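*Asks:* Have a look at the structure that comes next, please.
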Amino acid sequence: MSAILDVRAVSRRYSLPRRSLLRSGPVLTAVDRVSFTLERGRTLGIVGESGSGKSTLARMIMAFEAPDEGEVRFDGRTLHTLPAGELRLLRRSFQMVFQDPWGSLDPRRTVAWSIAEPLRATGADQVGRRVDEALDQVGLRAEDGRKYPHEFSGGQRQRIAIARAIVTRPALLVADEAVSALDVSVQAQILNLLMDLQEELGLAMVFISHDLPVVACLADHVLVMRAGRPVEAGATAGLIAAPRDDYTKSLLAAGGLMP
Amino acid sequence: MNRHLTPNLILGAILVALVVGVAGLSLIWTPHDHALMNIRERFGAPSDVHWLGTDQLGRDIVSQLMVAARNSMTVALIAVLMGGSIGVALGLLASALGGWFEDLIMRVADIGFAFPALLFAIMLSAVFGPSLWVAVLAIAFINIPVFARVTRGAANVIWTRDYVAAARAAGQGRFAISRDHILPNVAAPVIVQATIEFAIAILAEAALSYLGLGAQPPSPSWGRMLSEAQTLMFMAPQLAIYPGLCIMAAVLGFSLLGDALRDLTDPRLTRSRQA
Amino acid sequence: MIALSDVSVGFDGARALRDVTLSVARGERLGIVGESGSGKSMLGLAMMGMVPDAARIAGEIVLDGTAMSGAPERVWRRARARKVAMIFQEPMAALNPLQRLGETVMEPLLVHQGLGRSAARARTLELFDEVGIPDPEARLRQYPHEISGGQRQRVLIALSLTCDPALLIADEPTTALDAHVALRIIELLVRLADKRRMALVFISHDLAAVARATERIAVMYGGEIVEGGPTPAVLAAPRHPYTRGLLGARPGIGGQTPGRDADGRRKRLPTIPGSVPPLSLLPAGCRFAGRCAVELSHCAAVRPEPYRLPDGRFAACHLLGAGT
Ligand SMILES: Nc1ncnc2c1ncn2[C@@H]1O[C@H](COP(=O)(O)OP(=O)(O)OP(=O)(O)O)[C@@H](O)[C@H]1O
Ligand SMILES: Nc1ncnc2c1ncn2[C@@H]1O[C@H](COP(=O)(O)OP(=O)(O)O)[C@@H](O)[C@H]1O
Ligand code: SF4
Ligand SMILES: [Mg+2]
Ligand SMILES: [Mg+2]
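Protein chains in written order, with our numbering: chain A, 337 to 595; chain B, 18 to 292; chain C, 532 to 855.
What follows is the structure in structure tokens.
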């Protein structure tokens, strides 16, 4: 089986604001030589505490930023060396769902407008029909398309964001803390929805969260990050049953019920 | 529904409608020819013929105020539209491109910001001679950096929103994002700024005309009426009070309307929440 | 320390709290769980005498032996300066970004406790030390944005301790933090409650956090406490269908193992159908009716009384009354 996503030793450094006039600011390595591959239709979970570089990695996978070292290959093509026009067209094949259901939809646009955006940007046809279909796939009604984001609850907004992400029938979905802001019961509904869609559409997923038990319920493989470095990786069942790294153990303990 | 009809909106709308209506009406009708002098009827008291009396040259005050309203509105409107659209475009561009381009635009805006309109008006008058157009250009010019700053500040915030990242993920380019997401979402602060600037423009036009750099005789303007009335302050204070009140009404009206508009343009406030 | 009986908070047409009865003793730790909109924050505010002006409040609140029902704002303000303190979910929003951390914490010491500057400073250092802020001297001069989220929450806890409270209400204190940091904050709160014999009300939608932080638990839905009792007992064997639903929906603790079933399909999580209806649309009987999987025909109309169970547990559900 061919890998849809191949991340090869990517690093990303940021120079922090300078403290004094004469010296340049310190350099922070947000992501430090991370590699993994993801097969079509499979899910990779990425866990780590705040600041461990998860979102930075997501931004590189989404080609919002180019890595300082290494490369991100999507379907065999290195993203950050693609010409801009080609990259824009390729974007319909990899989409993203964001953490904050309140911030990821333009408050001044109707839901249908937002969902149609990736279609318009890549010049697709039958926009209206495909928007209705996407709404249906995430469990909303076609009429909901005419409403504005503030008319929906957090869970419904996340459904809308997912509809926007799948409307182009992508091969890869990157979800950065997509359920972290939701209540437990809504969280379970959205996780189930992601599983449904994955089976229906054959999506590959990169699922990012600081919550290991949540990641475990839909990832085939898990990558644990700390301070930009991968500290442990492996098949989910094995990693949960016998974590080797202390940090992984503490993440696992934090999600459990018993002290 | 009544929720939208705030006192601000009502009062603002009435004042603005009044001023704009009167200005519009003056195009087709004034009680008298505003420039017609009648030395025998100088400083006439209010009467059936001259509702607010006449001035030092016996001209009808109501007619003059009406034509002046038109001049003020035209100057303010053109100036704010001109300065505003250039400023908003620059602000959006600076925010979309970032980097040294943004720095450059904002530094230039800083310089423009510090540059007094009066000085610019004097320079323009020196070249082209004083006219209403000099006032328009000078006021438009000072508006550019104001709008550029407001727009760029608001736009930079919008650029960090996840829905903009989502639009990038969708394959939208910078200019499409500026048009589809940034502009509509900075509209509220820009509209508020525009009404404030409109009010300021009315004042600025009055000031420039007062100094003889704006409307030229016989074309009346509230500022010029004020300046002419100044020497007669003790003999006929009403000649200064009428244009003063007009300026106040216009400025207040646009400020109130601006506030109300800001609330109305926000869909979160206009549409009722449904479950 | 604090006892509420039949406290209700109403907005026109809707009730955000309905007949809430609970009590917390000194040194005791009570957890409040429920989905967003279940009334947790409103309950916290009621205990602080801080319900919004638009709300009508009914019922008895007894704080440290004093009946506070209908007490004027002045009395509540004095209580807040001396006995009760609250910390909130978003530590950044609760700190003045332009004020140094030292100034922020010293302010109430100077104003309410009447300490002098050097005494206030010394006390602040002690408090920073107590809440586990490393290098307290240096922190005094820092601004909120210069420290991490976990450290900010510690500063807020230090701030809440300035009045030496007998009751600390923590509204979602760990929700904005990641699991690792959240654990440390919970440990701190537990330690403080024990050491200071302080009553702790820990509000959270995170069952794992409440399990660690508290001895007793109250599960809220639709403005009511639907189930209560000792935390380990309730979480080990929940009796109310809502509590069961909440526990089941949480990955990793509902007993289900993740992975794929025999045909290679990923196992779905058990969910509570639908979502919390707006206050005005809640049924008059059992608030959970309409989403409950085991609902009886009269549930939506008839309100279930809290049904007492052994070990000081109770749950408000008709199924229990029927002897199930
Ligand atoms: N544009 C930037 N400029 C400077 N530093 C940055 C930038 N973006 C991220 N960083 C830093 O890089 C590190 C990794 O950040 P990142 O957002 O990837 O973390 P994360 O794992 O997603 O954390 P969280 O769980 O809080 O979202 C952090 O220390 C962060 O402060
Ligand atoms: N000022 C208010 N006016 C009307 N309803 C309110 C107000 N504040 C809160 N509510 C309602 O009270 C209910 C409980 O809210 P809250 O206590 O904040 O819930 P939680 O903290 O459990 O998420 C919600 O349905 C909320 O919409
Ligand atoms: S009272 Fe009825 S509806 Fe309510 S929880 Fe019990 S069974 Fe369900
Ligand atoms: Mg992140
Ligand atoms: Mg709350």
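Note that CB positions come from ideal geometry on N, CA and C, so glycine has one too.
Here the structure is a predicted model, which means the values were calculated and not measured.
#1: With hydrogens ignored, establish whether the beta-carbon of alanine 820 of chain C is closer than 7 angstroms to any heavy atom of ligand 3.
#2: Ligand 3 heavy atoms versus the CB of valine 807 of chain C: any closer than 7 angstroms?
#3: Do proline 763 of chain C and ligand 3 come close, with the Cβ less than 7 angstroms from some heavy atom?
#4: Would you say the region 99-109 of chain B touches the region 243-259 of chain B, given that touching needs at least three Cβ pairs under 8 angstroms?
#5: Please confirm whether arginine 76 of chain B has its beta-carbon closer than 8 angstroms to some beta-carbon of chain A.
#6: Could you name the residues of the region 173-185 of chain B whose beta carbon sits closer than 7 angstroms to any beta carbon of chain A, in the order they occur along the chain?
#7: When burial is assigned at 16 or more other CB atoms within 10 Å of the CB, is glutamine 630 of chain C buried or exposed?
#8: Span of the beta strand (DSSP E) holding isoleucine 734 of chain C?
#9: Taking its Cβ as the centre, do 16 or more other Cβ atoms sit within 10 Å of leucine 535 of chain C, making it buried, or is it exposed?
#10: Closer than 8 angstroms, CB to CB, is serine 806 of chain C near chain A or not?
#11: Serine 89 of chain B: buried (16+ other C-beta within 10 angstroms of its C-beta) or exposed?
#12: Valine 825 of chain C: beta carbon under 7 angstroms from a heavy atom of ligand 3?
#13: Taking a Cβ distance cut-off of 7 angstroms, strictly less, list which residues of the region 552-567 of chain C are near chain A, in chain order.
#14: Determine whether the Cβ of glycine 381 of chain A lies closer than 8 angstroms to any Cβ atom of chain B.
#15: Exposed or buried, methionine 532 of chain C, counting other C-beta atoms within 10 Å across all chains shown (16 or more means buried)?
#16: List the residues of chain A whose Cβ lies closer than 8 angstroms to the Cβ of asparagine 202 of chain B, in chain order.
#17: How many angstroms separate the CA atom of valine 741 of chain C from the CA atom of phenylalanine 733 of chain C?
#18: Examine ligand 3 and report whether any of its heavy atoms sits within less than 7 angstroms of the Cβ of proline 835 of chain C.
#19: Can you name the residues of chain A whose CB is closer than 8 angstroms to the CB of aspartate 666 of chain C?
#20: Using a Cβ-based criterion (distance less than 7 angstroms to any ligand heavy atom), does proline 772 of chain C qualify as near ligand 3?
#21: Quick one, which residues of the region 453-481 of chain A are near chain B if we go by CB-CB under 7 angstroms, in chain order?
#22: Buried or exposed: which applies to alanine 363 of chain A, given that a residue is buried once 16 or more other Cβ atoms fall within 10 Å of its Cβ?
#23: Spatial neighbours of leucine 273 of chain B within its chain, please: CB distance less than 6 angstroms, with the 5 preceding and 5 following residues excluded, ordered by chain position.
#24: Starting from the Cα of isoleucine 258 of chain B, find the closest Cα among B:Phe271, B:Arg76 and B:Gly240 and give me that residue.
#25: For isoleucine 122 of chain B versus alanine 165 of chain B, is the C-beta spacing smaller than 8 angstroms?
#26: Please tell me whether alanine 40 of chain B and arginine 76 of chain B are closer than 8 angstroms, where the distance is taken between their beta carbons.
#27: Any residues in the region 543-557 of chain A with a beta carbon nearer than 7 angstroms to a beta carbon of chain C? Which ones, in chain order?
#28: Which chain A residues sit within Cβ distance under 7 angstroms of alanine 187 of chain B?
#29: With H, G and I counted as helix, E and B as strand and the rest as coil, what does DSSP make of asparagine 19 of chain B?
#30: According to DSSP, simplified to helix, strand and coil, what is glutamate 487 of chain A?
#31: How close, in whole Å, do the beta carbons of glycine 754 of chain C and leucine 561 of chain C come, if the pair is a contact with beta carbons under 8 angstroms?
#32: Would you kindly work out how many angstroms separate the C-alpha atoms of proline 595 of chain A and proline 804 of chain C, rounded to a whole number?
#33: Scan the region 569-590 of chain A for residues whose Cβ lies nearer than 9 angstroms to a Cβ of chain C and list them as they occur along the chain.
#34: Cutting at 6 angstroms between CB atoms, please list the residues of its own chain near threonine 47 of chain B, excluding the five before and the five after it.
#35: Please classify glutamate 245 of chain B: does DSSP put it in a helix, a strand, or coil?
#36: So which residues of chain D does glutamine 525 of chain A contact, with C-beta pairs closer than 7 angstroms?
*Replies:* Result, derived from the coordinates:
#1: yes
#2: no
#3: no
#4: no
#5: no
#6: Arg178, Asp179, Tyr180, Ala182, Ala183, Ala184 and Arg185
#7: exposed
#8: 730-735
#9: buried
#10: yes
#11: buried
#12: yes
#13: Glu566 and Ser567
#14: no
#15: buried
#16: Asp442, Pro443 and Arg444
#17: 7 angstroms
#18: yes
#19: Correct list: empty, because the minimum Cβ distance to chain A is about 18 angstroms.
#20: yes
#21: Glu453, Pro454, Ala457 and Thr458
#22: Note that residue 363 of chain A corresponds to valine in the displayed sequence, not to alanine. Valine 363 of chain A comes out exposed.
#23: Asn25, Leu28 and Gly29
#24: B:Gly240
#25: yes
#26: no
#27: His546, Asp547, Pro549, Val550, Ala552, Cys553 and Leu554
#28: Arg427, Glu453, Pro454 and Ala457
#29: Model confidence at asparagine 19 of chain B stands at a pLDDT of 49, short of 50, so the residue's coordinates are unreliable and nothing is read from them.
#30: helix
#31: That pair is no contact at about 17 angstroms.
#32: Note on proline 595 of chain A: pLDDT 44, under 50, position unreliable in the model; the coordinate value appears next. Each residue's Cα considered, the two are about 30 angstroms apart.
#33: Thr572, Ala573, Ile576, Tyr583, Ser586, Leu587, Leu588, Ala589 and Ala590
#34: Ser80 and Met83
#35: helix
#36: Checking the listed chains, one finds no chain D in this structure; the protein chains it contains are A, B and C.
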